[in-house]
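Read in order, the letters of the first sequence correspond to residues 1 to 619 in full-length UniProt numbering.
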Amino acid sequence: MSIGLLVHPLSPHIPPASSPSASTAGNHHQRILSLAETCSDMSQLKQLHAFTLRTTYPEEPATLFLYGKILQLSSSFSDVNYAFRVFDSIENHSSFMWNTLIRACAHDVSRKEEAFMLYRKMLERGESSPDKHTFPFVLKACAYIFGFSEGKQVHCQIVKHGFGGDVYVNNGLIHLYGSCGCLDLARKVFDEMPERSLVSWNSMIDALVRFGEYDSALQLFREMQRSFEPDGYTMQSVLSACAGLGSLSLGTWAHAFLLRKYDVDVAMDVLVKNSLIEMYCKCGSLRMAEQVFQGMQKRDLASWNAMILGFATHGRAEEAMNFFDRMVDKRENVRPNSVTFVGLLIACNHRGFVNKGRQYFDMMVRDYCIEPALEHYGCIVDLIARAGYITEAIDMVMSMPMKPDAVIWRSLLDACCKKGDSVELSEEIARNIIGTKEDNESSNGNCSGAYVLLSRVYASASRWNDVGIVRKLMSEHGIRKEPGCSSIEINGISHEFFAGDTSHPQTKQIYQQLKVIDDRLRSIGYLPDRSQAPLVDATNDGSKEYSLRLHSERLAIAFGLINLPPQTPIRIFKNLRVCNDCHEVTKLISKVFNTEIIVRDRVRFHHFKDGSCSCLDYW
DNA sequence: TTAGGGTTAG
Numbered sequence: 001m002s003i004g005l006l007v008h009p010l011s012p013h014i015p016p017a018s019s020p021s022a023s024t025a026g027n028h029h030q031r032i033l034s035l036a037e038t039c040s041d042m043s044q045l046k047q048l049h050a051f052t053l054r055t056t057y058p059e060e061p062a063t064l065f066l067y068g069k070i071l072q073l074s075s076s077f078s079d080v081n082y083a084f085r086v087f088d089s090i091e092n093h094s095s096f097m098w099n100t101l102i103r104a105c106a107h108d109v110s111r112k113e114e115a116f117m118l119y120r121k122m123l124e125r126g127e128s129s130p131d132k133h134t135f136p137f138v139l140k141a142c143a144y145i146f147g148f149s150e151g152k153q154v155h156c157q158i159v160k161h162g163f164g165g166d167v168y169v170n171n172g173l174i175h176l177y178g179s180c181g182c183l184d185l186a187r188k189v190f191d192e193m194p195e196r197s198l199v200s201w202n203s204m205i206d207a208l209v210r211f212g213e214y215d216s217a218l219q220l221f222r223e224m225q226r227s228f229e230p231d232g233y234t235m236q237s238v239l240s241a242c243a244g245l246g247s248l249s250l251g252t253w254a255h256a257f258l259l260r261k262y263d264v265d266v267a268m269d270v271l272v273k274n275s276l277i278e279m280y281c282k283c284g285s286l287r288m289a290e291q292v293f294q295g296m297q298k299r300d301l302a303s304w305n306a307m308i309l310g311f312a313t314h315g316r317a318e319e320a321m322n323f324f325d326r327m328v329d330k331r332e333n334v335r336p337n338s339v340t341f342v343g344l345l346i347a348c349n350h351r352g353f354v355n356k357g358r359q360y361f362d363m364m365v366r367d368y369c370i371e372p373a374l375e376h377y378g379c380i381v382d383l384i385a386r387a388g389y390i391t392e393a394i395d396m397v398m399s400m401p402m403k404p405d406a407v408i409w410r411s412l413l414d415a416c417c418k419k420g421d422s423v424e425l426s427e428e429i430a431r432n433i434i435g436t437k438e439d440n441e442s443s444n445g446n447c448s449g450a451y452v453l454l455s456r457v458y459a460s461a462s463r464w465n466d467v468g469i470v471r472k473l474m475s476e477h478g479i480r481k482e483p484g485c486s487s488i489e490i491n492g493i494s495h496e497f498f499a500g501d502t503s504h505p506q507t508k509q510i511y512q513q514l515k516v517i518d519d520r521l522r523s524i525g526y527l528p529d530r531s532q533a534p535l536v537d538a539t540n541d542g543s544k545e546y547s548l549r550l551h552s553e554r555l556a557i558a559f560g561l562i563n564l565p566p567q568t569p570i571r572i573f574k575n576l577r578v579c580n581d582c583h584e585v586t587k588l589i590s591k592v593f594n595t596e597i598i599v600r601d602r603v604r605f606h607h608f609k610d611g612s613c614s615c616l617d618y619w
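Shown next as structure tokens:
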């Protein structure tokens with residue numbers, strides 16, 4: 001029966017003024033209910049609602065049941081306002097009605113807070129008690145707003161109402177505590193669950209991955225396989241863990257696992273494929289990332305962004321920009337978002353493309369109406385400041401609608417130091433950073449960044465007393481400089497190098513190789529930046545010939561050239577940011593030695609407990 | 001008598 005014919009077939013059944021027999025009313029409600037199942041949009045639902053109002057008695061339980069259905073349908077058509085109107089028109093609400101409305105709010109971005117308010121109202125009114133359906137919805141809303149204290153209250157209510165053993169409720173709790181970063185509480189709920197589902201495992205694994213506990217996440221994944229088959233959600237978390245560890249061997253294993261175990265649906269899923277792209281990019285294999293991207297039948301914005309970010313963070317700015325051109329081209333016609341522009345600005349930043357960076361920043365605002373966020377400002381300020389346009393960078397910081405964070409101030413300070421600008425200005429900037437909460441957070445728990453930069457400012461102005469004061473302050477506060485470190489995996493063993501490091505057993509050969517590299521680079525006309533502080537005493541044999549500044553990555557590259565067969569790609573992981581100078585030299589070494597060299601920066605180093613990495617030769 | 005859980009990048 002079509003809803004368009006609603007009034008005619010049902011009209012003869014409109015209840016008379018006198019009370020209808022129970023069976024007639026029952027049939028009538030039943031017929032409206034079956035019509036409700038066929039509603040496909042709000043206009044049909046509104047007709048049905050009007051008809052229900054006209055032809056039923058509001059106090060009948062069957063009518064209340066119908067209103068519940070109308071409420072549910074209006075929220076499923078995303079008309080939460082209408083759902084609220086229906087709700088407000090009813091005097092006594094069933095648990096189902098409360099639950100439906102709470103759920104509608106929990107799923108609506110702009111009403112997440114209301115979900116919790118509604119739940120409180122439900123308790124206050126006391127006309128119906130929360131049940132096992134209520135809590136998962138409320139918890140979802142709490143998780144979304146990172147409402148830890150609200151969530152704790154709800155947790156108490158769950159125990160009080162006796163739903164502590166419900167698997168859906170517990171999954172909601174794991175998700176909530178996981179979202180708030182309370183991994184121990186999430187784990188406690190997980191461990192104490194009388195029954196677990198696939199979602200329980202996925203939620204716990206996801207929480208661990210999101211907060212950087214990659215090892216534990218992979219450990220849990222292994223345990224999970226004893227009782228459940230992983231699904232697409234699981235595999236995305238596993239791929240993120242591999243990406244976080246920067247372990248291409250693990251990531252490649254996960255890719256193979258995916259292809260072996262799953263049907264086309266899971267393996268071809270856009271979200272899973274995007275995770276694969278991200279994993280390959282973060283593990284340094286842009287070739288594989290591109291291969292996955294090219295093989296995708298369907299792509300979304302995130303697929304493009306993942307590639308752009310991948311190229312950008314590896315210093316391959318031209319390819320990042322080419323991908324952007326392709327995505328906005330008429331054929332693809334994908335509209336970029338704020339993340340796309342972060343990628344483009346990072347690309348420009350890594351390579352010092354100041355004008356391009358300015359163009360993208362303007363394009364983002366002008367052509368795509370995207371409000372620049374702190375991250376965009378961070379990139380552009382760093383870019384223009386590094387290029388020496390300190391005044392322009394400071395003006396930009398002053399014009400920002402939000403408060404600059406310590407990272408931005410540090411970009412300015414760094415640029416001031418390099419340019420040897422006024423000490424007063426540097427001191428002023430340093431005052432904005434030192435001791436701030438953001439600085440502590442943004443520099444891995446120490447605020448060495450600003451102190452080190454400031455001591456460099458004083459050193460460049462030959463104010464040695466002030467250098468001493470800063471160093472003393474640092475040692476008094478127990479602050480140590482976080483050294484740059486590069487790592488390379490060969491035959492499953494990770495070798496780490498610091499700048500000017502001479503601790504490796506192969507140091508002698510490494511420095512000889514560096515000399516070879518240096519000579520080859522000079523032979524093609526490369527002139528190292530002499531203004532950089534030379535590490536002339538770095539070699540064991542006291543040779544002072546090697547005058548290039550020894551970034552840790554160059555040591556790792558030399559080590560790779562010695563120990564890997566010719567033309568084997570060399571993959572380096574670095575804990576800090578890779579500078580433009582490094583990108584340029586790496587490109588040249590790569591050209592001269594006819595070897596692919598990839599340097600991935602900002603990697604959190606990982607060491608397996610037995611001191612090894614199971615690195616297979618997938619490069 | 002109605003229904004339910006877990007995602008997107010820096």
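Ideal Cβ positions, reconstructed from N, Cα and C, are used throughout, including at glycine.
Give the single residue among F257, M288 and S237 whose Cα lies nearest to the Cα of L271. S237
Please report the distance separating the alpha-carbon of M321 from that of D300. 18 Å
Between G251 and Y214, is the Cβ-Cβ spacing less than 8 Å? no
Please name the residue in I370, V292 and E223 whose C-alpha comes closest to that of L258. V292
Between which two residues does the beta strand (DSSP E) carrying F498 extend? I493 to F498
So for Q532, helix, strand or coil by DSSP? Because the pLDDT of Q532 is 38, which lies under 50, any placement of that residue in the model is unreliable, and the number read from its coordinates should be weighed accordingly. The answer is coil: DSSP assigns Q532 none of H, G, I, E or B.
Just to confirm, is the Cβ distance from C348 to L383 under 8 Å? yes
Quick one: what does DSSP say I90 is sitting in, helix, strand or coil? coil
Give me, in chain order, the residues of the same chain whose beta-carbon lies closer than 7 Å to that of V599; leave out the 5 immediate sequence neighbours on both sides. E553, I572, K574, V578, C582 and T586
Helix, strand or coil: how does DSSP classify E290 here? helix
Nearest by alpha-carbon distance to A387: which of I589, A302 and H350 is it? H350
In DSSP terms, what K160 is bridged to: Partner(s): none; K160 has no beta bridge.
With 16 other CB atoms within 10 Å as the buried threshold, where does C615 fall? Reliability of the predicted coordinates at C615 is poor, the pLDDT of 29 falling under 50, and the value obtained from them is presented with this limitation in mind. C615 is buried by the Cβ-count criterion.
Determine the contact status of V138 and Y168, defining contact as a CB-CB distance below 8 Å. no
In this structure, what does DSSP give as the bridge partners for I394? In the DSSP output, where bridge partners are listed per residue, I394 has none listed.
Around the Cβ of E371, are there at least 16 other Cβ atoms within 10 angstroms (buried) or fewer (exposed)? exposed
Proximal residues to F96 (C-beta, below 6 Å), its chain only, five neighbours per side dropped: G68
Cβ shell of G172 (< 7 Å), same chain only, five flanking positions each side left out: F135, P136, L139 and K140
CB of I490 within 8 Å of CB of L564, strictly: yes
Alpha carbons only, please: which of F84, V457, A302 and S338 is nearest the one belonging to W98? F84
Closest residue to S426 among A106, M402, R456 and V397 (Cα-Cα distance): R456
For V599, which of helix, strand or coil comes out of DSSP? strand
Contact set for C142: own chain, Cβ-Cβ below 7 Å, skip 5 residues either direction: F116, E150, G151, V154 and L176
Considering only the alpha carbon of each residue, which of A62, K591 and N274 lies closest to L239? N274
Own chain residues within Cβ distance below 8 Å of R522, not counting five before or after: none
In angstroms with no decimal places, state the Cα-to-Cα distance between M235 and I510. 40 Å
Using a 10 Å radius around the Cβ and a threshold of 16 neighbouring Cβ atoms, would you call C283 buried or exposed? buried
What are the partner residues of R471, as DSSP defines its beta bridges? Partner(s): none; R471 has no beta bridge.
Alpha carbons only, please: which of K356, V470, N305 and V328 is nearest the one belonging to V339? N305
Would you mind sorting I524 into buried or exposed? The rule is 16 or more other CB atoms within 10 Å of its CB. exposed
Does DSSP put I145 in a helix, a strand or coil? coil
Nearest to M288 (by Cα), restricted to the options D269, F311, K298 and V452: F311
Residue span of the alpha helix (DSSP H) that contains F51, given as start and end: M42 to T55
By how many angstroms is the C-alpha of L66 removed from the C-alpha of S34? 10 Å
Secondary structure at S547, three-state DSSP: helix, strand or coil? Low local confidence applies: a pLDDT of 36 at S547 is under 50, so the model's placement there is unreliable, and no value is given.
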